[in-house]
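Okay, structure first, notes after.
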Amino acid sequence: MTQSIPTKEELGFDPDKLRDRYRLERDKRLRGDGNNQYIEMTDDFANYIEDSYIESTPPREPLTDETEIIIIGGGFGGLIASARLREAGFKDLRIIEKAGDFGGTWYWNRYPGAACDTEAYIYLPLCEELGVVPTQKYAQGPEIREHSRRIAEHYQLYDKACLQTEVTNMHWDETTDRWVIETNRGDAMRARFVIMSNGPINR
Numbered sequence: 001m002t003q004s005i006p007t008k009e010e011l012g013f014d015p016d017k018l019r020d021r022y023r024l025e026r027d028k029r030l031r032g033d034g035n036n037q038y039i040e041m042t043d044d045f046a047n048y049i050e051d052s053y054i055e056s057t058p059p060r061e062p063l064t065d066e067t068e069i070i071i072i073g074g075g076f077g078g079l080i081a082s083a084r085l086r087e088a089g090f091k092d093l094r095i096i097e098k099a100g101d102f103g104g105t106w107y108w109n110r111y112p113g114a115a116c117d118t119e120a121y122i123y124l125p126l127c128e129e130l131g132v133v134p135t136q137k138y139a140q141g142p143e144i145r146e147h148s149r150r151i152a153e154h155y156q157l158y159d160k161a162c163l164q165t166e167v168t169n170m171h172w173d174e175t176t177d178r179w180v181i182e183t184n185r186g187d188a189m190r191a192r193f194v195i196m197s198n199g200p201i202n203r
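Sequential numbering of the sequence shown, starting at 1, is according to UniProt numbering.
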């Protein structure tokens, strides 16, 4: 059975005019310079992207060691990848995370009322593995951050983690068949495998 499209008289409005109106409003907001319209957080603005949740960065010597697997990013993606690798028997892995702790987006987003907008039973990873039941249907930011830390502790990810460390360069060394990962802390770590899990809004 074919369904006919209602006429504007039947609808009580003109759908083409409505589309044109919204298109006009959209076009007002589109800019030809795209992402270039945004201010780079450097120079006078550099302090706006500093981690305000840590008091200082503990000093450490630059790392030049070799790890079998390096995971870049300590949000849910990196945590889940690490957890599954641990469950599969991989012991030699390291997460590199530029924040002061695990959690990804939830490490940074601490504004009042921040919460997930998906049911926590679905949104929070590895609840069954950790024996955790979310306290609310839509978990609040502090609970989500704590859940991230709980995952890292359960799977012993803090042991070799490089927190407050940002990857600046990565290249494949053909002579050793290893990745070389350089960071803002002077590191030149090596890894057999690298998993990129730095998230879609990573700078």
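Glycine included, every Cβ here is placed at the ideal spot set by N, Cα and C.
Rounded to whole angstroms, how far is the Cβ of residue 130 from the Cβ of residue 96, which I believe are closer than 8 Å?
About 23 Å; that fails the 8 Å criterion.
In angstroms, rounded to a whole number, what distance separates the CA positions of residue 136 and residue 120?
7 Å
Looking at C-alpha atoms only, which residue of 101, 175, 141, 183 is the closest neighbour of residue 211?
Residue 211 falls outside the range modelled here, since the chain spans only 1 to 203, and no answer is possible.
Under a Cβ-count criterion, where at least 16 other Cβ atoms within 10 Å of its own Cβ denotes burial, should residue 164 be classed as buried or exposed?
buried
C-beta contact flag for residue 188 and residue 194 at 8 Å
no
Extract the residue ranges of the alpha helix (DSSP H) inside the region 49-132, only unbroken runs of 4 or more that lie entirely within it.
76-87, 105-108, 120-123, 127-130
Would a C-beta distance cut-off of 8 Å place residue 83 and residue 155 closer than the cut-off?
yes
Does the structure place the region 100-116 close enough to the region 72-81 that three or more beta carbon pairs sit under 8 Å?
yes
So, at 8 Å on beta carbons, what are the nonlocal neighbours of residue 149 in its own chain, with the 5 sequence-adjacent residues on each side left out?
101, 102, 103
What span of residues does the alpha helix (DSSP H) with residue 146 cover, start to end?
141-154
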